[in-house]
Amino acid sequence: MELAVATLVNALALSSIYIVVALGFVLVFGILNILNIAHGAIYMISGYIGWQLVMGFGLNQWLGLLLTVLVVGALGIFLEKFCFRPQAGDFNRTLIVCVAIVMILQTTIVVTVGYKVQSLPAFASGILRAGPLSVSAERLVTFLISTALLAVMVWLINRTKLGQQIQAIAQNREGAGLQGININRISGLTCAMGCGLAAVAGCLMGAYLNLGAFMGDYILVKALMIVILSGIGSIGGIFFAGLIIGGLDATLPVFLSGAISQAIAVGIIVIVMVFRPRGFFGREMEM
Amino acid sequence: MIEKQISTRGRKLPKPAVYGGIVIILALLPLFIKSNYWLHVLILTLIYIIVTASFRLIAISGQFSLAHAAFMGIGAYTSAVLSRWFGWPVWLTIPLGALMAMVIGAFVGYPFARLRAVYYALVSLFFGIGVLQIINALGIWTGSYQGLTGIPPIFGASKIPYYYFFLGLTSLCLLVMYRFEFCRIGTTLKAIAQSYLVAGSVGVNEIRYRVLALAAGCFFAGLAGACYAQYNLVLSNLSFNFMATLWIVMYAIIGGLNSFAGPIIGAAVLIIIPEFARDLKMYTPYVAAALLLIVVYVIPQGLAGLPEVIRSWYIRRKAKRVSHAS
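Residue numbers (the numbering used here), protein chains in the order written: chain A, 0 to 286; chain B, 332 to 657.
Here it is as structure tokens:
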């Protein structure tokens, strides 16, 4: 019972972080039409920015989180304007630029911070007790922040003018432009939002586990898995796929060795991709 | 997409004298280089030239495979496990490693050939991750996370026979790949990359050719991997993970995916140049990133297209001067 509850809470907290990262990734994928390999590195660097703000400058951690989101959002606007837009949707060239960004960010961290593992202070400490069950408050806070963020994103996409414009661009870029939507502005904003989501996830993960220069690779693979499983264009799909992947991640290692459980998860994804490339909830990208 | 960049334009025949001269110069190098370390660097360069050129062989068919290091790993581990645990002779296990990579490549090539562009890149990425996790899961057989040691070597302790062996192997592989690309098959592959619909409409069996390209590319990757295993004598799965694939992709793109010489130049530049500044090895990725950005923003043809860019810039300047004078 104890183990089951702990596993469930772990699964929820882990999947909520995955979902936030995947949501940022799929926003950029759907609107800008690029496979942003650098998303994991942006997530990683925002963890370190938060760490520097909180541990280095001694800021309050919530303020640090907010500032990190703003800084990384600005980075997103910069990336969209100077790195992604000039490539005009060319897959090869975008991929190269993304790889270059990954290299620069990772090397910067390796050179300045080194391989020593760091971590952010917990956003909430203590253990909540309800009868015989005990739940770490921090994991609960992680889950709550991510869920709130998800709800805000759903509201933003479905209920606001900005969200309508984003959906229009995702459906048909030229058509949206003809209707008077400023595509460049929306693209920049979307990229900033994607990076901001990655920033929140990076800070949360920095407090939940710890920070490392190569933590972005792992989360990128998870985000890709979620996007493949769900398909593009459905936030609800991202949510369910995230729960599935996070659940698999938290439960399989309880029974099997780490490598085998990873291999099983990857095998499932490969089979899904071969037989149903458009995912279970969304539409297929046309490239 | 990749299709647009690779042209089907026929190329001038190589001047055999030039290439022969390069091989002879390389063959004479051990007379001057006494340091074992530099020979090691040159051998690694030769190995990665095979791998990168074979990556390009797959890329010309429009398949952007992100599992190339994993196929190299399949060859390496097959050869290493057979010779280490079963005691099979090295000369038998190396071809078996290459064949294993080719068979697996052909086997997964069929289902993967349904997918294109981003989806192909993604599915191959996941396949590569899966292969690595299976290698990890095999425990003592493949050394898991600790790495596999005690692999029997091809030659003795001296690096010089290895150097000549790899020089010969690389020349042979490049020759085969060159013939493969500039015969009917290669042209068909480029046609598929440009437009699979047009290629299909003139009677090209698209899937068969794409699988053929993948199998051929994987064969060379597996061969290089197997030889690497029997040369390095220690295998760590870090050499075959996603980062390793990205480095291979970077060698190919920085050198230029458009030309046959591109991957060779890219691998040589990116492996040899950082060795001159060994103390600053941490900063190597900065060099690679800077080169990548230069390639994207300044010379889209890659380093192999550099002479072309300089020539056209020179002609333009000359023309401007002439128009000013008149």
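A virtual CB, placed ideally from N, CA and C, is assigned to each residue, including glycine. Computed from a predicted model, the values in this text were never measured in an experiment.
With a cut-off of 9 Å, does the C-beta of residue i fall near any C-beta of chain B?
i: Asn157 (chain A); result: no
i: Pro276 (chain A); result: yes
i: Ser256 (chain A); result: yes
i: Gln164 (chain A); result: no
i: Gly215 (chain A); result: no
i: Asn91 (chain A); result: yes
i: Pro85 (chain A); result: yes
i: Gln170 (chain A); result: no
i: Ala262 (chain A); result: yes
i: Gly232 (chain A); result: no
i: Val273 (chain A); result: yes
i: Ile30 (chain A); result: no
i: Tyr17 (chain A); result: no
i: Phe280 (chain A); result: no
i: Ile180 (chain A); result: no
i: Ile259 (chain A); result: yes
Quick check: the Cα distance between residue i and residue j, rounded to an integer number of angstroms?
i: Ile538 (chain B); j: Pro638 (chain B); result: 36 Å
i: Asn181 (chain A); j: Ile389 (chain B); result: 39 Å
i: Gly179 (chain A); j: Ile185 (chain A); result: 12 Å
i: Ala620 (chain B); j: Ser133 (chain A); result: 48 Å
i: Ala167 (chain A); j: Ala175 (chain A); result: 6 Å
i: Glu606 (chain B); j: Ser475 (chain B); result: 29 Å
i: Phe395 (chain B); j: Ser455 (chain B); result: 8 Å
i: His399 (chain B); j: Gly406 (chain B); result: 11 Å
i: Phe496 (chain B); j: Phe513 (chain B); result: 26 Å
i: Ala29 (chain A); j: Ala169 (chain A); result: Per the sequence shown, the amino acid found at residue 29 (chain A) is Gly instead of Ala. Their Cα atoms are separated by approximately 6 Å.
i: Asn572 (chain B); j: Leu554 (chain B); result: 18 Å
i: Ile435 (chain B); j: Ala429 (chain B); result: 10 Å
i: Gly211 (chain A); j: Gln117 (chain A); result: 7 Å
i: Asp216 (chain A); j: Gly352 (chain B); result: 43 Å
i: Ile491 (chain B); j: Ile356 (chain B); result: 15 Å
i: Ile33 (chain A); j: Val449 (chain B); result: 9 Å
i: Gly461 (chain B); j: Leu247 (chain A); result: 16 Å
i: Val253 (chain A); j: Phe274 (chain A); result: 29 Å
i: Gly23 (chain A); j: Gly232 (chain A); result: 12 Å
i: Leu223 (chain A); j: Lys649 (chain B); result: 51 Å
i: Val653 (chain B); j: Ala599 (chain B); result: 39 Å
Going along chain A, which residues have a C-beta under 9 Å from residue i?
i: Tyr614 (chain B); result: Thr106 and Val110
i: Met433 (chain B); result: Here the premise fails: no neighbours, minimum Cβ distance about 19 Å.
i: Tyr408 (chain B); result: Going along chain A, no residue has its Cβ under 9 Å from Tyr408 (chain B), so there is no contact; the nearest lies around 14 Å.
i: Tyr617 (chain B); result: Met102, Ile103, Thr106, Thr107 and Val110
i: Arg445 (chain B); result: Val273, Phe274 and Pro276
Between residue i and chain D, is the shortest Cβ-Cβ distance under 9 Å, so that the two count as touching?
i: Val27 (chain A); result: Included in the structure are the protein chains A and B, with no chain D among them.
Identify the contact partners of residue i in chain A, using a Cβ-Cβ distance below 7 Å as the criterion.
i: Leu623 (chain B); result: Ile95, Val98 and Ala99
i: Gly461 (chain B); result: Ala262, Val265, Gly266 and Val269
Taking only beta-carbon positions, decide if residue i is within less than 9 Å of chain A.
i: Leu588 (chain B); result: yes
i: Arg609 (chain B); result: no
i: Tyr379 (chain B); result: no
i: Ser475 (chain B); result: yes
i: Pro442 (chain B); result: yes
i: Phe402 (chain B); result: no
i: Gln464 (chain B); result: yes
i: Phe458 (chain B); result: yes
i: Leu520 (chain B); result: no
Taking Cβ-Cβ distances shorter than 9 Å, what residues in chain B pair up with residue i?
i: Leu34 (chain A); result: Val449, Ala452 and Leu453
Give the interface partners of residue i over in chain A, defined as CB-CB distance under 8 Å, in chain order.
i: Ala524 (chain B); result: Simply none; closest approach about 12 Å.
How would you list, in chain order, the residues of chain B whose beta-carbon sits under 8 Å from the beta-carbon of residue i?
i: Ile44 (chain A); result: Near Ile44 (chain A) there are no residues of chain B at all, since even the closest Cβ is about 14 Å away, more than 8 Å.
Can you confirm whether the region 624 to 643 of chain B touches the region 579 to 595 of chain B when touching is taken to mean that 3 or more C-beta pairs between the two stretches lie within less than 8 Å? Result yes; three or more Cβ-Cβ pairs closer than 8 Å.
Could you check whether the region 563 to 582 of chain B touches the region 380 to 389 of chain B, counting it as contact only if at least three pairs of C-beta atoms, one from each stretch, sit closer than 8 Å? The region 563 to 582 of chain B is in contact with the region 380 to 389 of chain B.
Three or more beta-carbon pairs under 8 Å between the region 261 to 270 of chain A and the region 185 to 194 of chain A, yes or no? Taking a cut-off of 8 Å for Cβ pairs, the region 261 to 270 of chain A and the region 185 to 194 of chain A do not touch, as fewer than three such pairs fall below it.
For the 8 Å Cβ check, are there 3 or more pairs between the region 419 to 426 of chain B and the region 58 to 70 of chain A? By the Cβ test, the region 419 to 426 of chain B is not in contact with the region 58 to 70 of chain A, since fewer than three Cβ pairs between them sit closer than 8 Å.
Near-chain B residues of the region 61 to 76 of chain A (beta-carbon distance less than 7 Å), N- to C-terminal order: Cβ contacts with chain B come from no residue of the region 61 to 76 of chain A.
Under 7 Å (Cβ pairs) to chain B, residues found in the region 219 to 245 of chain A: In summary, the residues of the region 219 to 245 of chain A whose CB is separated from some CB of chain B by less than 7 Å are Val220, Leu223 and Ile227, in the order they occur in the chain.
Between the region 33 to 44 of chain A and the region 111 to 123 of chain A, can you find at least three pairs of beta-carbon atoms closer than 8 Å? Fewer than three beta-carbon pairs drawn from the region 111 to 123 of chain A and the region 33 to 44 of chain A are found closer than 8 Å, and the two stretches are therefore not classed as touching.
Three or more C-beta pairs under 8 Å: does that hold for the region 144 to 151 of chain A against the region 9 to 18 of chain A? A contact exists between the region 144 to 151 of chain A and the region 9 to 18 of chain A.
Taking 8 Å as the cut-off, does the region 66 to 78 of chain A touch the region 46 to 53 of chain A (at least 3 CB pairs, one atom from each stretch)? Output reads yes: the region 66 to 78 of chain A touches the region 46 to 53 of chain A.
So if I threshold CB-CB distances at 8 Å, which residues from the region 623 to 644 of chain B count as touching chain A? Under the 8 Å Cβ criterion, the region 623 to 644 of chain B contributes Leu623, Leu624, Val626, Val627, Tyr628 and Pro631.
Anything in the region 565 to 589 of chain B with a Cβ closer than 9 Å to a Cβ of chain A? List those residues in chain order, please. Those residues of the region 565 to 589 of chain B that come within reach of chain A (Cβ to Cβ, closer than 9 Å) are Asn572, Phe573, Met574, Leu577, Val580, Met581, Ile584, Ile585 and Leu588.
Touch test, the region 256 to 264 of chain A against the region 464 to 471 of chain B, Cβ-Cβ under 8 Å, three pairs minimum: Touching, yes.
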